[in-house]
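Novice: I am attaching a structure below and will ask some questions about it afterwards.
In the UniProt record's numbering, the protein residues as written are 1 to 236.
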(Lines of atoms letter the chains of each structure in order from A; the text may use other names.)
(Lines give C-alpha, C1' and ligand atoms only; values in the text may rest on other atoms or scores of the structure.)
Protein backbone atom coordinates (compact mmCIF):
# COMPACT_ATOMS: atom_id res chain seq x y z
CA UNK A 1 0.00 0.00 0.00
CA UNK A 2 2.78 2.37 0.91
CA UNK A 3 4.66 1.53 -2.28
CA UNK A 4 1.56 2.28 -4.35
CA UNK A 5 1.14 5.70 -2.74
CA UNK A 6 4.81 6.49 -3.20
CA UNK A 7 4.67 5.45 -6.84
CA UNK A 8 1.69 7.69 -7.55
CA UNK A 9 3.36 10.63 -5.85
CA UNK A 10 6.46 10.19 -7.99
CA UNK A 11 4.33 9.98 -11.12
CA UNK A 12 2.49 13.15 -10.11
CA UNK A 13 5.78 14.92 -9.53
CA UNK A 14 7.04 14.02 -13.01
CA UNK A 15 3.77 14.91 -14.74
CA UNK A 16 4.00 18.09 -16.85
CA UNK A 17 0.45 18.14 -18.16
CA UNK A 18 -1.80 21.03 -17.12
CA UNK A 19 -4.58 23.41 -18.08
CA UNK A 20 -3.67 27.04 -18.79
CA UNK A 21 -7.10 28.34 -17.81
CA UNK A 22 -7.06 26.61 -14.45
CA UNK A 23 -3.52 27.71 -13.63
CA UNK A 24 -4.27 31.28 -14.71
CA UNK A 25 -7.30 31.40 -12.42
CA UNK A 26 -5.08 30.30 -9.53
CA UNK A 27 -2.10 32.60 -10.24
CA UNK A 28 -3.85 35.73 -11.59
CA UNK A 29 -5.30 36.93 -8.24
CA UNK A 30 -1.88 36.63 -6.63
CA UNK A 31 -0.28 38.58 -9.48
CA UNK A 32 -2.90 41.32 -9.25
CA UNK A 33 -2.45 41.59 -5.48
CA UNK A 34 1.33 41.79 -5.92
CA UNK A 35 0.94 44.53 -8.56
CA UNK A 36 -1.39 46.52 -6.29
CA UNK A 37 1.00 46.17 -3.33
CA UNK A 38 3.96 47.38 -5.41
CA UNK A 39 1.89 50.32 -6.67
CA UNK A 40 0.83 51.37 -3.16
CA UNK A 41 4.32 51.18 -1.66
CA UNK A 42 5.84 53.04 -4.61
CA UNK A 43 3.17 55.75 -4.42
CA UNK A 44 3.66 56.06 -0.65
CA UNK A 45 7.39 56.53 -1.17
CA UNK A 46 6.70 59.21 -3.79
CA UNK A 47 4.27 61.04 -1.50
CA UNK A 48 6.77 60.93 1.37
CA UNK A 49 9.42 62.46 -0.89
CA UNK A 50 7.06 65.24 -2.00
CA UNK A 51 6.15 66.03 1.61
CA UNK A 52 9.79 66.15 2.72
CA UNK A 53 10.73 68.45 -0.17
CA UNK A 54 7.87 70.77 0.76
CA UNK A 55 9.11 70.75 4.35
CA UNK A 56 12.64 71.69 3.28
CA UNK A 57 11.26 74.47 1.08
CA UNK A 58 9.32 76.01 3.97
CA UNK A 59 12.28 75.75 6.35
CA UNK A 60 14.64 77.34 3.84
CA UNK A 61 12.12 80.08 3.06
CA UNK A 62 11.63 81.06 6.70
CA UNK A 63 15.36 80.88 7.47
CA UNK A 64 15.98 83.64 4.90
CA UNK A 65 13.46 86.07 6.39
CA UNK A 66 14.77 89.23 8.04
CA UNK A 67 11.38 90.75 8.86
CA UNK A 68 9.16 89.37 11.64
CA UNK A 69 6.89 86.49 10.64
CA UNK A 70 3.20 87.42 10.74
CA UNK A 71 0.07 85.27 11.16
CA UNK A 72 -0.75 85.96 7.50
CA UNK A 73 2.69 84.65 6.54
CA UNK A 74 1.99 81.40 8.42
CA UNK A 75 -1.43 81.09 6.77
CA UNK A 76 0.05 81.51 3.30
CA UNK A 77 2.81 79.06 4.13
CA UNK A 78 0.13 76.53 5.06
CA UNK A 79 -1.55 77.13 1.70
CA UNK A 80 1.80 76.68 -0.03
CA UNK A 81 2.27 73.34 1.74
CA UNK A 82 -1.12 72.10 0.57
CA UNK A 83 -0.42 73.27 -2.98
CA UNK A 84 2.92 71.47 -3.11
CA UNK A 85 1.45 68.28 -1.61
CA UNK A 86 -1.76 68.53 -3.66
CA UNK A 87 -3.71 68.03 -0.43
CA UNK A 88 -6.38 69.85 1.56
CA UNK A 89 -6.80 71.29 5.05
CA UNK A 90 -8.62 68.17 6.27
CA UNK A 91 -5.62 65.89 5.71
CA UNK A 92 -2.73 68.36 6.16
CA UNK A 93 -1.22 69.78 9.35
CA UNK A 94 1.77 72.05 9.89
CA UNK A 95 3.73 73.42 12.84
CA UNK A 96 6.55 75.96 12.71
CA UNK A 97 8.64 76.53 15.82
CA UNK A 98 11.68 78.65 16.58
CA UNK A 99 13.85 77.17 19.31
CA UNK A 100 16.90 78.62 21.06
CA UNK A 101 19.56 76.96 23.19
CA UNK A 102 20.21 78.09 26.76
CA UNK A 103 23.79 77.19 27.65
CA UNK A 104 23.27 77.95 31.35
CA UNK A 105 20.92 75.04 31.92
CA UNK A 106 21.68 73.11 28.73
CA UNK A 107 18.04 73.19 27.60
CA UNK A 108 16.29 74.06 24.37
CA UNK A 109 13.58 76.69 24.78
CA UNK A 110 10.66 77.58 22.54
CA UNK A 111 10.83 81.19 21.33
CA UNK A 112 7.56 81.00 19.42
CA UNK A 113 5.47 78.30 17.81
CA UNK A 114 2.57 78.44 15.36
CA UNK A 115 0.45 75.53 14.16
CA UNK A 116 -2.17 75.10 11.46
CA UNK A 117 -4.49 72.11 11.49
CA UNK A 118 -4.79 69.71 14.42
CA UNK A 119 -1.46 69.95 16.30
CA UNK A 120 -0.99 72.34 19.20
CA UNK A 121 1.87 74.88 19.21
CA UNK A 122 5.03 73.42 20.68
CA UNK A 123 5.63 74.22 24.37
CA UNK A 124 8.75 74.09 26.53
CA UNK A 125 7.56 71.00 28.39
CA UNK A 126 7.50 69.11 25.07
CA UNK A 127 11.11 69.92 24.14
CA UNK A 128 12.48 66.85 25.94
CA UNK A 129 11.10 64.78 23.05
CA UNK A 130 13.16 66.81 20.56
CA UNK A 131 16.55 67.01 22.29
CA UNK A 132 17.99 64.02 20.44
CA UNK A 133 16.88 65.48 17.11
CA UNK A 134 18.40 68.95 17.49
CA UNK A 135 22.00 69.98 16.74
CA UNK A 136 24.64 71.20 19.16
CA UNK A 137 24.17 74.97 19.39
CA UNK A 138 25.90 77.99 20.91
CA UNK A 139 24.22 79.96 23.67
CA UNK A 140 21.07 81.74 22.42
CA UNK A 141 21.49 80.27 18.95
CA UNK A 142 18.21 79.57 17.16
CA UNK A 143 16.87 77.00 14.72
CA UNK A 144 13.60 76.85 12.81
CA UNK A 145 11.76 73.54 13.24
CA UNK A 146 9.23 72.65 10.54
CA UNK A 147 6.88 69.71 11.07
CA UNK A 148 4.18 68.53 8.68
CA UNK A 149 1.60 65.75 8.72
CA UNK A 150 -0.25 64.41 5.69
CA UNK A 151 -2.89 61.66 5.69
CA UNK A 152 -2.24 59.10 2.96
CA UNK A 153 -5.02 56.78 1.80
CA UNK A 154 -3.98 53.96 -0.52
CA UNK A 155 -5.66 53.65 -3.91
CA UNK A 156 -5.84 49.90 -3.41
CA UNK A 157 -7.05 48.50 -0.11
CA UNK A 158 -6.14 45.16 1.39
CA UNK A 159 -2.38 45.30 0.79
CA UNK A 160 -1.46 46.09 4.39
CA UNK A 161 -1.25 49.87 3.93
CA UNK A 162 -4.79 51.27 3.75
CA UNK A 163 -3.97 54.40 5.80
CA UNK A 164 -0.63 55.96 6.65
CA UNK A 165 0.28 59.31 8.24
CA UNK A 166 3.25 60.88 6.49
CA UNK A 167 5.19 62.97 8.98
CA UNK A 168 8.16 65.14 8.04
CA UNK A 169 10.62 67.04 10.22
CA UNK A 170 13.50 69.41 9.59
CA UNK A 171 15.48 72.11 11.36
CA UNK A 172 17.24 75.05 9.71
CA UNK A 173 19.45 77.75 11.16
CA UNK A 174 18.57 81.41 10.36
CA UNK A 175 20.69 82.51 7.42
CA UNK A 176 20.69 86.31 7.29
CA UNK A 177 19.68 87.34 10.83
CA UNK A 178 20.56 86.00 14.29
CA UNK A 179 16.92 85.30 15.06
CA UNK A 180 13.51 84.86 13.44
CA UNK A 181 10.89 87.02 15.14
CA UNK A 182 7.15 86.51 15.21
CA UNK A 183 5.01 89.65 15.04
CA UNK A 184 1.39 89.37 16.09
CA UNK A 185 -0.99 92.32 15.73
CA UNK A 186 0.20 93.80 19.05
CA UNK A 187 3.94 93.10 18.58
CA UNK A 188 5.48 95.57 16.13
CA UNK A 189 8.87 97.17 15.80
CA UNK A 190 10.90 94.28 17.20
CA UNK A 191 14.60 94.16 16.47
CA UNK A 192 15.86 90.89 15.03
CA UNK A 193 19.50 91.94 15.19
CA UNK A 194 19.64 92.58 11.46
CA UNK A 195 18.53 96.18 11.32
CA UNK A 196 16.83 96.21 7.96
CA UNK A 197 13.58 97.86 7.01
CA UNK A 198 12.03 99.86 9.84
CA UNK A 199 13.99 98.27 12.67
CA UNK A 200 16.86 99.97 14.43
CA UNK A 201 20.25 98.49 13.83
CA UNK A 202 21.62 96.60 16.83
CA UNK A 203 24.37 97.87 19.09
CA UNK A 204 23.08 101.44 19.46
CA UNK A 205 23.99 102.38 15.91
CA UNK A 206 23.45 106.01 14.93
CA UNK A 207 21.86 104.93 11.66
CA UNK A 208 18.82 102.88 10.92
CA UNK A 209 20.14 100.27 8.51
CA UNK A 210 17.26 100.72 6.08
CA UNK A 211 18.13 98.54 3.14
CA UNK A 212 15.36 100.07 1.04
CA UNK A 213 16.38 103.74 1.10
CA UNK A 214 19.30 104.09 3.57
CA UNK A 215 18.42 107.67 4.53
CA UNK A 216 17.71 107.52 8.27
CA UNK A 217 21.10 108.54 9.60
CA UNK A 218 21.59 111.04 12.42
CA UNK A 219 25.33 111.42 11.77
CA UNK A 220 25.44 112.02 8.04
CA UNK A 221 28.09 114.77 8.34
CA UNK A 222 30.31 112.97 10.86
CA UNK A 223 29.88 115.54 13.64
CA UNK A 224 29.00 112.86 16.18
CA UNK A 225 31.97 110.63 15.46
CA UNK A 226 33.87 109.54 18.58
CA UNK A 227 37.57 110.13 18.05
CA UNK A 228 40.04 107.69 19.65
CA UNK A 229 41.69 108.89 22.85
CA UNK A 230 45.25 110.26 22.57
CA UNK A 231 45.99 109.60 26.24
CA UNK A 232 49.31 107.89 26.80
CA UNK A 233 50.80 108.79 23.43
CA UNK A 234 54.02 110.74 23.30
CA UNK A 235 54.29 114.22 21.78
CA UNK A 236 55.66 114.60 18.29
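Cβ atoms here follow ideal geometry from the backbone N, Cα and C, with glycine treated the same way.
So residue 114 and residue 96 are in contact, right, with Cβ under 8 Å, and what is the actual spacing, rounded?
Specialist: Translated into positions along the chain shown, residue 114 becomes position 114. Translated into positions along the chain shown, residue 96 becomes position 96. Yes, they are in contact, since the Cβ atoms of residue 114 and residue 96 sit about 5 Å apart, within 8 Å.
Novice: In this structure, does DSSP put residue 150 in helix, strand or coil?
Specialist: Translated into positions along the chain shown, residue 150 becomes position 150. Strand, per DSSP.
Novice: Quick one: give me the first and last residue of the alpha helix (DSSP H) that residue 21 is part of.
Specialist: Translated into the one-based positions of the chain shown, residue 21 becomes position 21. Here the alpha helix (DSSP H) through residue 21 covers 20-63.
Novice: Please report the residue range of the alpha helix (DSSP H) in which residue 76 lies.
Specialist: Looking up residue 76 in the chain shown gives position 76. Note, residue 76: alpha helix (DSSP H), 71-85.
Novice: From what residue to what residue does the beta strand (DSSP E) around residue 107 run?
Specialist: Start at 1 with the first residue of the chain shown, and residue 107 comes out as number 107. That run of the beta strand (DSSP E) goes 107-116.
Novice: Where do the N-terminal and C-terminal ends of the alpha helix (DSSP H) with residue 12 fall, by residue?
Specialist: To locate residue 12, count along the chain shown from 1; it is residue 12. Residue 12 -> alpha helix (DSSP H) spans 2-14.
Novice: Rounded to the nearest angstrom, what separates residue 127 and residue 74 at their Cα positions?
Specialist: Taking the first residue of the chain shown as 1, we reach residue 127 at position 127. Taking the first residue of the chain shown as 1, we reach residue 74 at position 74. Going by the C-alpha atoms only, they are around 21 Å apart.
Novice: Evaluate residue 10 with the Cβ neighbour count: other Cβ atoms within 10 Å of its Cβ, from every protein chain shown; 16 or more gives buried, anything less gives exposed.
Specialist: Position 10 of the chain shown, counting from 1, holds the residue named residue 10. Classification of residue 10: exposed, given that the 10 Å Cβ count is below 16.
Novice: Just to confirm the assignment, what range does the beta strand (DSSP E) spanning residue 102 have?
Specialist: On the chain shown, position 102 is the one that residue 102 refers to. Run containing residue 102: 92-102, per the beta strand (DSSP E) assignment.
Novice: Got a sec? Which residues, its chain only, sit under 6 Å from residue 111 by beta carbon, not counting five neighbours each side?
Specialist: Position 111 of the chain shown, counted from the start, is the residue given in the question as residue 111. Excluding residues within five positions, the ones whose Cβ falls inside 6 Å are 98 and 100.
Novice: Does residue 177 pass the burial test, meaning 16 or more other C-beta atoms within 10 Å, or should it be called exposed?
Specialist: Position 177 of the chain shown, counted from the start, is the residue given in the question as residue 177. When all chains shown are included, residue 177 counts as buried.
Novice: Between 133, 80 and 1, which lies nearest to residue 116 when the distance is taken from Cα to Cα?
Specialist: Position 116 of the chain shown, counting from 1, holds the residue named residue 116. Out of 133, 80 and 1, 80 has the C-alpha closest to the C-alpha of residue 116.
Novice: Which value, in whole angstroms, describes the spacing of the CA atoms of residue 37 and residue 25?
Specialist: If you number the chain shown from 1, residue 37 lands on position 37. If you number the chain shown from 1, residue 25 lands on position 25. So the two alpha carbons sit approximately 19 Å from each other.
Novice: State the DSSP-derived secondary structure class of residue 165, mapped to helix, strand or coil.
Specialist: Numbered from its first residue, the chain shown carries residue 165 at position 165. Of the three classes helix, strand and coil, the one that applies to residue 165 here is strand, per DSSP.
Novice: Look at the alpha carbon of residue 91 and the alpha carbon of residue 149, and state the distance between them as a whole number of angstroms.
Specialist: Residue mapping note: residue 91 aligns to position 91 of the chain shown, counting from 1. Residue mapping note: residue 149 aligns to position 149 of the chain shown, counting from 1. C-alpha separation (whole angstroms): 8 Å.
Novice: So which of 123, 14 and 144 has the shortest CA-CA distance to residue 175?
Specialist: Here the question's residue 175 lines up with position 175 in the chain shown. Of 123, 14 and 144, the residue nearest in Cα terms is 144.
Novice: Between the beta-carbon of residue 163 and the beta-carbon of residue 39, is there less than 9 Å?
Specialist: Taking the chain shown and counting its residues from 1, one reaches residue 163 at position 163. Taking the chain shown and counting its residues from 1, one reaches residue 39 at position 39. No, the Cβ-Cβ distance between residue 163 and residue 39 is not below 9 Å.
Novice: If you pair each beta-carbon of the segment 166-174 with each one of the segment 62-78, do three or more pairs fall below 8 Å?
Specialist: Touching, yes, given that three or more Cβ pairs across the two stretches are closer than 8 Å.
Novice: I want to see whether chain D comes within less than 9 Å of residue 92, judged by CB atoms only; does it?
Specialist: In the structure shown, chain D does not exist; there is a single protein chain.
Novice: Please list, in chain order, all residues of the same chain as residue 78 whose beta carbon is under 7 Å from its beta carbon, the five residues on each side excluded.
Specialist: The residue given as residue 78 occupies position 78 in the chain shown. The residues are 94 and 116.
Novice: Figure out for me which residue from 6, 108, 68 and 118 has the closest Cα to the Cα of residue 89.
Specialist: On the chain shown, position 89 is the one that residue 89 refers to. When only C-alpha atoms are compared, the closest one is 118.
Novice: Closest to residue 125 by C-alpha separation, out of 109, 46 and 22, would be which residue?
Specialist: For the purposes of this step, residue 125 is taken as the residue at position 125 of the chain shown. Minimum Cα distance to residue 125 is reached at 109.
Novice: Where residue 167 and residue 147 are concerned, what is the direct C-alpha to C-alpha distance, given to the nearest angstrom?
Specialist: Reading the chain shown from its first residue, position 167 is the one you call residue 167. Reading the chain shown from its first residue, position 147 is the one you call residue 147. Answer to the nearest angstrom: the Cα atoms are 7 Å apart.
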